[in-house]
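In what follows, a structure is listed as structure tokens, so that the remarks can point back to it.
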Amino acid sequence: MSAKKKIKKYKMKKYNKKDLKIFKGLLLEIKEKFSRQILSVEKDNLRTSQKDASGDLSSYSIHMADMATDSYDREFSLNMASVEQKVIYEIDEALKRIEEGGYGKCNICDGLIAKNRLKAVPYAKCCVACQNDQDREKKKNR
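Each step along the sequence shown adds one to the number in the UniProt record's numbering, with nothing skipped, and position 128 is 128.
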């Protein structure tokens, strides 16, 4: 196949409006779910004091083991919220790619990301092969 045909074939490789509408709906649904979860974590952890969170209404000191458990639970919840916030940022980037016409294109090889991958991870930036290569590289550099 000539280079000219390859370029033409590549330009034709993108998702149609129907597919993009489905992916946009999926992205917005996930974003809403994560936003609600972050608000719940904020409500449960950031707006309550350590004493209120433990349920101890007395003026006596809280047992150190209970304090450690409460601190661990609070930190765990905040870390989860942080991860969810990162996903929301990635979703916003994916929504921007839909608007700009670059959604579904691998950031590394410029190939089309498979529909099955986008259904599983609609904010994916790379195809499975390129993501596997990146993951192997990260693992090697640890």
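Even glycine gets a Cβ: it sits at the ideal position worked out from N, Cα and C.
Comparing alpha-carbon positions, which option in the options lies nearest residue i?
i    : options                : result
A81  : N107, K43, V128, K105  : K43
I88  : A65, E100, L39         : L39
Q85  : K21, N45, K140, Q37    : Q37
L20  : L95, V83, D70          : L95
A129 : K140, K139, C109, K138 : C109
Would you tell me roughly how many angstroms separate the C-alpha atoms of residue i and residue j, rounded to the nearest one?
i    : j    : result
S59  : M67  : Residue placement at S59 is poorly supported in this model, since its pLDDT is 46, which falls under 50; the coordinates still yield a value, given next. Each residue's Cα considered, the two are about 15 Å apart.
N116 : C127 : 10 Å
A114 : Y103 : 12 Å
F23  : K33  : 15 Å
D73  : I98  : 37 Å
K105 : A65  : 50 Å
Q131 : R142 : 17 Å
Y100 : K18  : The sequence as given places Glu at residue 100; Tyr does not occur at that position. So the two alpha carbons sit approximately 16 Å from each other.
R136 : A120 : 21 Å
E75  : S35  : 18 Å
Could you confirm whether any beta carbon from chain C is found closer than 9 Å to the beta carbon of residue i?
i    : result
R142 : The structure shown contains no chain C; it holds only a single protein chain.
So, under 8 Å CB-CB, residue i and residue j are touching, yes? Tell me the CB distance rounded to an integer number of Å.
i   : j    : result
K13 : L118 : That belief does not hold up - the Cβ atoms of K13 and L118 are roughly 14 Å apart, past 8 Å.
Can you list, in chain order, the residues of its chain with a C-beta nearer than 7 Å to that of residue i? Leave out the 5 residues immediately preceding and following it.
i    : result
N107 : K125, C126
Kindly list the residues whose CB is nearer than 6 Å to the CB of residue i, restricted to its own chain and excluding five residues on each side of it in sequence; keep chain order.
i    : result
I7   : Annotation note: pLDDT 39 at I7 (below 50); position unreliable, coordinate value reported separately. Taken in chain order, the list of residues that qualify is empty.
P122 : F23, L26, L27
K133 : Residue identity check: residue 133 is Asp in the sequence provided, not Lys. So no residue of the chain qualifies.
Please work out which residues of its chain come closer than 8 Å, Cβ to Cβ, to residue i, disregarding the five sequence neighbours upstream and downstream, and give them in chain order.
i   : result
S77 : V41, D44, N45
T69 : none
Validate contact between the stretch 91–98 and the stretch 22–34 using beta carbons, cut 8 Å, 3 pairs: In short, these stretches touch, since the Cβ pair count reaches three.
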